[in-house]
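J.: For reference, the structure I am asking about is given below.
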Amino acid sequence: MGDNRATSLKSALIIGIGTFFLASFFSLFSELVLPKIQILLLSFLFLFLIIFLGIIFDIIGIAAAAANERPFHAKAAKKVKGSVQAIKIVRNADRVASFCNDVVGDICGTVSGALGAAIVFQVVLNHPGFNESILSIIMTGLVAALTVSGKALGKKKAIAEADHIVFRVGQALAWMENVMGVDLFSRKSSRKHKDRRR
Numbered sequence: 086m087g088d089n090r091a092t093s094l095k096s097a098l099i100i101g102i103g104t105f106f107l108a109s110f111f112s113l114f115s116e117l118v119l120p121k122i123q124i125l126l127l128s129f130l131f132l133f134l135i136i137f138l139g140i141i142f143d144i145i146g147i148a149a150a151a152a153n154e155r156p157f158h159a160k161a162a163k164k165v166k167g168s169v170q171a172i173k174i175v176r177n178a179d180r181v182a183s184f185c186n187d188v189v190g191d192i193c194g195t196v197s198g199a200l201g202a203a204i205v206f207q208v209v210l211n212h213p214g215f216n217e218s219i220l221s222i223i224m225t226g227l228v229a230a231l232t233v234s235g236k237a238l239g240k241k242k243a244i245a246e247a248d249h250i251v252f253r254v255g256q257a258l259a260w261m262e263n264v265m266g267v268d269l270f271s272r273k274s275s276r277k278h279k280d281r282r283r
């Protein structure tokens, strides 16, 4: 009981610190880079990219929590690439969902808001006659509408195609392990959740 609580506190602390540095990095990046982008279209593309990234990770987090581990065992028996990683994702669904939905999702939300404000400033700077307050309201509504509607559609897809999505992510992780030598899941963690969905 005590070990589980200590582990949970440690994980929460690591996530909190990681989120702080990641959010600070992306916010600093947007503050330094966006004002130098003279083409307004590129600024909007960058904003849409951040929103899209948040939606994709939200889908992955939900799919990880909704997926069933059993279909991946048959693929693993046939040595299909990505199946072992998919099993790890399902067994570590709480960690995956926390990272994708809480860490990446919140960071993308924060950064997209900052980007929206920077775009408004850029427009007003180039067109002094525009009303900054009205533009800010429109931009806030646009960012919120795209984010909420995108995640709403993504949730339906994530639940309906959870196994397929997790398998595709597993294939991406398998590629990372083979090419980059990066293993996001420790064996110890996988053993800990071994009997979770049997």
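In terms of this note's numbering, the sequence shown is numbered consecutively and its last residue is 283.
Where a beta carbon is used, it is the ideal one built from N, C-alpha and C, also for glycine.
Should Gly215 go down as buried or exposed, given a rule of 16 or more other Cβ atoms within 10 Å for buried?
T.: Within the sequence shown, numbered from 1, the residue matching residue 215 stands at position 130. Residue 215 is actually Phe in this sequence, not Gly. Flag for Phe215 reads exposed.
J.: Could you give the DSSP three-state label for Pro156: helix, strand or coil?
T.: Position 71 of the sequence shown, counting from 1, holds the residue named residue 156. Reduced to three states, the DSSP call for Pro156 is helix.
J.: Taking Val174 as the reference, which of Ala150, Lys164, Ile192, Val165 has the closest Cα?
T.: Start at 1 with the first residue of the sequence shown, and residue 174 comes out as number 89. Note that residue 174 is Ile in the sequence shown here, rather than Val. The shortest Cα separation from Ile174 among Ala150, Lys164, Ile192, Val165 belongs to Ala150.
J.: What's the gap between the Cα of Glu154 and the Cα of Thr104?
T.: Here residue 154 is taken as the residue at index 69 of the sequence shown, counted from 1. Here residue 104 is taken as the residue at index 19 of the sequence shown, counted from 1. Looking at the two C-alpha atoms, the distance is approximately 29 Å.
J.: Identify every run of the beta strand (DSSP E) within the region 202-252, keeping only runs that are complete inside it and at least 3 residues long; order them along the chain.
T.: Runs found: none.
J.: Does the separation of the CB atoms of Ile244 and Cys193 fall below 8 Å?
T.: On the sequence shown, residue 244 is found 159 positions in, with the first residue counted as 1. On the sequence shown, residue 193 is found 108 positions in, with the first residue counted as 1. Taking 8 Å as the Cβ cut-off, Ile244 and Cys193 do not qualify as a contacting pair.
J.: What are the boundary residues of the alpha helix (DSSP H) that Ser128 is part of?
T.: Start at 1 with the first residue of the sequence shown, and residue 128 comes out as number 43. First-last of the alpha helix (DSSP H) with Ser128: 125-151.
J.: Can you give me the C-alpha to C-alpha distance between Ala199 and Phe142, rounded to a whole angstrom?
T.: Position 114 of the sequence shown holds residue 199. Position 57 of the sequence shown holds residue 142. When rounded, the distance between both Cα atoms is 19 Å.
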